[in-house]
Each structure stands twice: as structure tokens, then as C-alpha cells.
Amino acid sequence: MSIMDTAFDLQQFTSTINKELSKGLPGFDAQKIMAPSLRENALKESNQSIAKDSSVLLLFYPKNGQLYLPFIKRTIGSTNHSGQISLPGGKYEKYDSDRTITAIRETNEELGVDSKKINILGLLTELYIPISNFMVLPVLGYCTQKPDFKISKFEVEELIEMPVLELLSQENVFNFSFKKKNITITAPYFDAKGHKVWGATAMILSEIRAILLRAGLL
Numbered sequence: 009m010s011i012m013d014t015a016f017d018l019q020q021f022t023s024t025i026n027k028e029l030s031k032g033l034p035g036f037d038a039q040k041i042m043a044p045s046l047r048e049n050a051l052k053e054s055n056q057s058i059a060k061d062s063s064v065l066l067l068f069y070p071k072n073g074q075l076y077l078p079f080i081k082r083t084i085g086s087t088n089h090s091g092q093i094s095l096p097g098g099k100y101e102k103y104d105s106d107r108t109i110t111a112i113r114e115t116n117e118e119l120g121v122d123s124k125k126i127n128i129l130g131l132l133t134e135l136y137i138p139i140s141n142f143m144v145l146p147v148l149g150y151c152t153q154k155p156d157f158k159i160s161k162f163e164v165e166e167l168i169e170m171p172v173l174e175l176l177s178q179e180n181v182f183n184f185s186f187k188k189k190n191i192t193i194t195a196p197y198f199d200a201k202g203h204k205v206w207g208a209t210a211m212i213l214s215e216i217r218a219i220l221l222r223a224g225l226l
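Right, dumping it as C-alpha cells:
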């Protein structure tokens, strides 16, 4: 039984994660477990040297005695990722001192989370997204209490709160396929209340899942 099964202890969780991060990251080997079938070819056709810097925030927080993560369903628009389920985050701007600040700022803008209440745990492995030419830095953070979410209706269609144990359970990993330009693409995904969390977001979750498993937290 993990420390997240019953009486969840946030302090113990953050301490354990800090120790695990000091041991090194699982990296690409963990990410690729949830990679869609088109990724390898997409990487060959991309130029990562001109990628735009960005970051996302995995914001852990306690709720109902469990550990949760928030996701957003982006509004339908002109971006490559509109309508998808993702972590809060976005493009690095020149006025951001670093990409950790980018992740905090974007989470504040998209979900209304008070920046001062976000504590940073560390970083995961960068991940390149070919379709949007972003180099994404996943940032790990936490709030000591459930945030007072106030979503930006311009950017966010829906807030999805998921218990970490349920989200990252092996029983919650599925596969689907779809066609794009007459090419059949298959992809694994995590189910989030009926929403498919796949692509880059699923690859990022796959690495934190590997860390939690290594630490005996799942």
C-alpha cells in the first residue's frame, strides 16, 4: 500500500519526490511508453534547433484526502492544440526570468491559481512537440491546499480535476486510433473523466508515473 492510498501526507509526498528527483530522471525511456505512432516520423521531419521554449505545470494538491492534478480542455481556436486536454502552461516570454516562471504565470492566467501559493518541486525531462514546434519543460509544483480555481473562459473550456492514483493507474491506460491525411495514427492515452489525455501530455505523465512507481508511491 502506498502513502497515497489512505491518509494522504503532502509533506511526506514532497519529501519523497525531492529524493527521487535527486536520483536522476527516467527521461525518454519513460516518455516513449505513451508516444503516439506518428511521433518518430514527425521528429525526422522537424528541426528542433529552432523550437520555441515553453513550459507546463504539474500542480499537485490535496483534495478529499487524495492527491490531485488539474488539466484543462482548451477552447476551440486557431492553435494546433485547441480542444485538447493539456496541463496548464504556454510559451516562454522575454519578461519571464525562466521557464519555471512561465509555468507559474500561465497557470495563474489560465486557472486563476495564486502564484504565491505555488511551491516548486523540480523539473522533468524536456519534450519536443513537432506539430507546434515547442520545446516543453515540465515543471513539478504543489499547493498545500486545493487552489481556488477561476478559469479563463478565453483559453479554457473546462477544468478537469483528476486523482493521481486513478489517473496513473495501469488500468487507466487505453489505446485509440484516428485518421489524419489518410494516415492511421494509433496512440495510448490516460482517461480523465471520459477525456483522452494523449500525445505530449501523456508522455509527460508517463515520466512522472515512472518516478512515482520507482518511489513506491503508486
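Numbering (the working numbering), first residue to last: 9 to 226. Beta carbons: idealized from backbone N, C-alpha and C, even for Gly. Treat the numbers as computed from the prediction; the structure is a model and nothing was measured.
Is it the case that the Cβ atoms of Phe-157 and Leu-75 are separated by a distance below 8 angstroms? no
Check this for me: beta carbons of Ile-80 and Val-164, under 8 angstroms apart or not? yes
Would you say Cys-151 faces chain C, with C-beta separation under 8 angstroms as the test? This model lacks chain C altogether, as it is built from one protein chain only.
Report yes or no: do the stretch 29-39 and the stretch 110-128 share at least 3 C-beta pairs separated by less than 8 angstroms? no
Tell me which same chain residues have a C-beta within less than 7 angstroms of the C-beta of Ser-45, skipping the five on either side of it? Ile-193, Thr-194 and Ala-195
So, with DSSP's three-state summary, where would you put Gln-92? coil
Which residue or residues does DSSP assign as beta-bridge partners of Ser-63? Gly-98 and Leu-145
Kindly list the residues whose CB is nearer than 8 angstroms to the CB of Lys-99, restricted to its own chain and excluding five residues on each side of it in sequence; keep chain order. Lys-60, Asp-61, Ser-62, Thr-110 and Phe-142
Same chain, Cβ closer than 6 angstroms to Leu-29, neighbours up to 5 away in sequence not counted: Gly-130
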